[in-house]
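Report on the following structure.
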Amino acid sequence: MNINEIKEAALTCGVLNRQELSKKIRELKDSGLSYLGCIAFTQHNQQISTLEAKNLTLELDAFTDEEKAEYNGFHNLMMDDFKEEE
9 MNINEIKEAA LTCGVLNRQE LSKKIRELKD SGLSYLGCIA FTQHNQQIST
59 LEAKNLTLEL DAFTDEEKAE YNGFHNLMMD DFKEEE
């Protein structure tokens, strides 16, 4: 699924409540969509910022604690790299 397909799918299904969003994100994840793709889906479905979408996606039960920790580790590493460049 490319970014345009993700956006279209997010907008087509209408704004989902938290339970519906969690179920949809789990389905997308299980079908092979990347974590970043899931964030993009959340962002466009909920019409929120990227940061809000990242935080909301992490709060959903679609990902295990281990998956969340792995993502946060990579995210923090990337942010540290940006800070070093300043």
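Note that the numbering used here has the sequence shown beginning at 9, numbered continuously upward.
Even glycine gets a Cβ: it sits at the ideal position worked out from N, Cα and C.
- If only complete runs of 4 or more residues are kept, the stretch 29-83 shows the alpha helix (DSSP H) at 43-54 and 58-67, in order along the chain.
- Proximity of the stretch 65-79 to the stretch 42-57 meets the contact definition, three or more beta-carbon pairs being nearer than 8 Å.
- In this structure, the straight-line span from the alpha carbon of L24 to that of E16 is close to 14 Å.
- For N10, the three-state secondary structure derived from DSSP is coil.
- Here I47 is near A61, since their CB atoms are less than 8 Å apart.
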